[in-house]
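Read in numbering that gives the first Met the number 0, the sequence shown has 300 at position 301, and its numbers run on one by one without any break.
Ideal Cβ positions, reconstructed from N, Cα and C, are used throughout, including at glycine.
Please read the structure below before turning to the comments.
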Amino acid sequence: MNSQYVHAVSSELARVQELLNEFAQAHPKIASRLRHGSDGGSDPQVRRLVQSFAFLSARTQQRLQDEFPQILQPLIHLASTPYLKSVPSLTTVEFAVSPEQPPELEGTCVERGTLLDSELIDGVPCRFRTAKETVLWPVELTDARLLHPPFPNLAGQSSSAGCALRLSLRTLTASITFDQLPDLDCLRLFLDAETDAALTLYETLLSSTLGVAIRLEGERPRWLSPDVLQPVGFDPDDRLFDHRAALDCERILFEFFCFVEKFLYVEIHGLREALSQSTETTAEIDIYLGVTSDALPRRLSPDMIRLNCCPAVNLFPMTTEATEAPDRASQITLAADSSNPGAYQLHEVRRLLIRNEDDEQFELPRLHALEQNVESEGAPGYWEPVIDDATVIGSRRDRIAIRFVDARGATVRLPECLVFADAICSNSDLPQQLDHGETGVVLQPQFAAIFECRCVSQPTPARHSPLGSAGWDQISELVPDVLALADGASGAPALRAILGAYLHDQESLGKALIDTIHRLSFRRVTGIVHQSMVCHGLELSITFRRTPQTPSGHYLFSLVLKHFLARFASQNAFLRLRATFEDGKEIGEWPISSGARSVI
Numbered sequence: 000m001n002s003q004y005v006h007a008v009s010s011e012l013a014r015v016q017e018l019l020n021e022f023a024q025a026h027p028k029i030a031s032r033l034r035h036g037s038d039g040g041s042d043p044q045v046r047r048l049v050q051s052f053a054f055l056s057a058r059t060q061q062r063l064q065d066e067f068p069q070i071l072q073p074l075i076h077l078a079s080t081p082y083l084k085s086v087p088s089l090t091t092v093e094f095a096v097s098p099e100q101p102p103e104l105e106g107t108c109v110e111r112g113t114l115l116d117s118e119l120i121d122g123v124p125c126r127f128r129t130a131k132e133t134v135l136w137p138v139e140l141t142d143a144r145l146l147h148p149p150f151p152n153l154a155g156q157s158s159s160a161g162c163a164l165r166l167s168l169r170t171l172t173a174s175i176t177f178d179q180l181p182d183l184d185c186l187r188l189f190l191d192a193e194t195d196a197a198l199t200l201y202e203t204l205l206s207s208t209l210g211v212a213i214r215l216e217g218e219r220p221r222w223l224s225p226d227v228l229q230p231v232g233f234d235p236d237d238r239l240f241d242h243r244a245a246l247d248c249e250r251i252l253f254e255f256f257c258f259v260e261k262f263l264y265v266e267i268h269g270l271r272e273a274l275s276q277s278t279e280t281t282a283e284i285d286i287y288l289g290v291t292s293d294a295l296p297r298r299l300s301p302d303m304i305r306l307n308c309c310p311a312v313n314l315f316p317m318t319t320e321a322t323e324a325p326d327r328a329s330q331i332t333l334a335a336d337s338s339n340p341g342a343y344q345l346h347e348v349r350r351l352l353i354r355n356e357d358d359e360q361f362e363l364p365r366l367h368a369l370e371q372n373v374e375s376e377g378a379p380g381y382w383e384p385v386i387d388d389a390t391v392i393g394s395r396r397d398r399i400a401i402r403f404v405d406a407r408g409a410t411v412r413l414p415e416c417l418v419f420a421d422a423i424c425s426n427s428d429l430p431q432q433l434d435h436g437e438t439g440v441v442l443q444p445q446f447a448a449i450f451e452c453r454c455v456s457q458p459t460p461a462r463h464s465p466l467g468s469a470g471w472d473q474i475s476e477l478v479p480d481v482l483a484l485a486d487g488a489s490g491a492p493a494l495r496a497i498l499g500a501y502l503h504d505q506e507s508l509g510k511a512l513i514d515t516i517h518r519l520s521f522r523r524v525t526g527i528v529h530q531s532m533v534c535h536g537l538e539l540s541i542t543f544r545r546t547p548q549t550p551s552g553h554y555l556f557s558l559v560l561k562h563f564l565a566r567f568a569s570q571n572a573f574l575r576l577r578a579t580f581e582d583g584k585e586i587g588e589w590p591i592s593s594g595a596r597s598v599i
């Protein structure tokens, strides 16, 4: 009998004993029938049964490790694909500005990562973190309405407009005029409506705008080109989750499936030149559209378009409890807060810290980490997480098991010490207990200098990691070949399978949109990238079906796919995406993209 099998038996025995103890604490009456107490004491016959079970299951464990070597675990960690993680609660927050407390004339910046606390639930606040920098201006949106033709004094392309969206702006106080806001060049609009209506308005603004006019009292309108309207949510600084090794293209797709609201923003750029010369307190922005009002939501109200909004995620930094590791310990379990186990979920350990008997503190590096801390050189070993769903009792996710290893992954036993970690946590399912009400959940920034805010939408339920029985199927879809995808009739099913690996919710809008992918085709083309370089590339055409379940959303979905598929552009090549419906109606065609690769 080799030493690996002996170690497997010991590991299984410790795991089962821990399970029994946790079960006895959670269900003492049932455990008493098994003759197992909450203090860990067992009947001798029960102990023999547990030992026999551990002896037999150790062989199964070894066979699994032979089939799925442990090297896969660090490889998955290095890939850091976000869909292998649990998804915390998400929401959209709106910062309240008022005449009594207006923002600075230069704009008040709410930094990305600002922490916002809810009211206490059982003594614990739900803590959200803003996911995008937001600049607050002493300006409010007073009205949003549709205008219908005829439009007098229009020239050029805008003369064929079927309708126009008028946004009325006003400064918060009569003492503030637009020329006092020299840095106001961009306004971010959040489309706060039912999903179908918001997606329809989003598509119309970004694909059917003919021109934009800035109207000031007593002056001729100042015209801006349609490209001053830009989508939001695709830049690296717009990310919801800080998966440091994740590719942006994967992150964008995953975040679309998790939280469509994150992309329902449109920015209007180029306002500085027109507004900075106005001594008025009001202004109007007219967006002329190449569609009639029948293509827009039936009821358009000012509440459907909001300023001062940004996405927020229920993630925050937290230091775990210090846990005493006995002498020659090879494994330890860290808890976020043992006094409130249901209030926290531990998502990621950023730094593992050890304090020895001499009160010296040092960091223990993670095995196979991308970034190794120079200060941790000379540490007595490394750490790696123990991935084992069997240790979770009653859906407790506030803990993580840590194993101490050497550089080759062999077990290391540390002397007696205190172990704690800097971690990223969430409130697990606690945000679902927040009372949204008519006005939304009120959140208080941790720093009083920032304005009060509220949740525009009900926080989403936390969704826990799908990496289980189907995890290996998902991992097998990580490296597709876009040429194979577009190969005839098999292209659409292959793309649907790859996109499905990023889904957390099989009943979501994302799943419905994936199912509408009908056909894929491609042709080789030549184009100019970076203004002067001629490259070969692929034009990929995706055809969608129309279904009652997906009356809208194909434009935004195609825009997300454009970013996702750009990762497959080879060196010195590009990808161009064109999306249509079965009847030939065009959804959109986007410029060529070479992903993040440099053209040599």
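- Of Val134, Pro137, Ala160, the smallest CA-CA separation from Leu145 is found for Ala160.
- Taken through DSSP and simplified to helix, strand or coil, Phe258 comes out as coil.
- Straight-line measurement puts the Cα of Ile513 at about 35 Å from the Cα of Arg349.
- Our two residues, Asp247 and Leu352, have alpha carbons roughly 30 Å apart in a direct line.
- According to DSSP, residue pairing for Glu21 in a beta bridge does not occur.
- Comparing alpha carbon positions, the residue from Gln445, Gly509, Ile591 closest to Gln548 is Gly509.
- If you compare the alpha carbons of Thr141, Phe573, Gly106 with that of Met303, the shortest gap goes to Thr141.
- In the structure shown, Ser97 falls within a strand segment according to DSSP collapsed to helix, strand and coil.
- When the alpha-carbon of Pro87 is set against those of Ala342, Glu538, Glu451, the nearest one is in Ala342.
- Assignment of Cys185 by DSSP, reduced to helix, strand and coil, places it in the coil class.
- For Leu164, the uninterrupted beta strand (DSSP E) segment begins and ends at 162-170.
- In the structure shown, Leu498 adopts helical secondary structure according to DSSP, grouped into three states.
- Counting only the Cα atoms, Thr542 lies some 6 Å from Leu519.
- Residues Pro87, Arg128, His346, Ile423, Ser425 of the same chain have their beta carbon placed closer than 7 Å to that of Leu314, with the five preceding and five following residues left out of the count.
- When C-alpha distances from Val8 are compared across Val15, Leu19, Ala57, the shortest belongs to Ala57.
- Asn20 counts as buried, since no fewer than 16 other beta carbons sit within 10 angstroms of its beta carbon.
- Scanning Ser224, Pro220, Phe189, Arg214 for the CA closest to the CA of Ser206 turns up Ser224.
- Assignment of Val385 by DSSP, reduced to helix, strand and coil, places it in the coil class.
- A direct Cα-Cα distance of roughly 7 Å separates Thr281 from Ser167.
- Annotation: Glu272 is outside any beta strand (DSSP E); the continuous alpha helix (DSSP H) that includes it extends over 271-274.
- Under a 10 Å Cβ-count criterion, Arg396 is classified as buried, with 16 or more other Cβ atoms of the shown protein chains found around its own Cβ.
- Measuring C-alpha to C-alpha distances from Glu118 to each of His435, His553, Ala273 identifies His435 as the nearest.
- In the DSSP assignment, His26 falls outside any beta strand (DSSP E) and carries neither an H nor an E.
- For a cut-off of 8 Å, the C-beta gap from Leu104 to Pro137 is around 7 Å, short enough to register as a contact.
- Gln443 sits in a strand when the DSSP states are folded into three classes.
- Residue environment: Ser592 is assigned as buried (16 or more neighbouring CB atoms within 10 Å of its CB, all protein chains considered).
- The alpha-carbon of Lys261 is positioned some 30 Å away from that of Asp121.
- Excluding the 5 residues flanking it on each side, Phe54 has same chain C-beta neighbours closer than 7 Å at Val8, in chain order.
- Between the segment 533-540 and the segment 493-503, the count of Cβ pairs shorter than 8 Å is below three; the stretches do not touch.
- With 16 or more other CB atoms across the displayed protein chains lying within 10 angstroms of its CB, Pro364 is buried.
- Residue environment: Pro296 is assigned as buried (16 or more neighbouring CB atoms within 10 Å of its CB, all protein chains considered).
- Closest in alpha carbon position to Glu283, among Gly269, Thr172, Ala212, Leu333, is Ala212.
- Between Pro98 and Thr172, the C-beta gap is smaller than 8 Å, which places the two residues in contact.
- Taken atom to atom, the span from the alpha-carbon of Arg221 to that of Val123 is near 52 Å.
- For the pair Phe150 and Asp226, the Cα-to-Cα distance works out to about 21 Å.
- When the alpha-carbon of Arg165 is set against those of Gln100, Leu215, Ala192, the nearest one is in Leu215.
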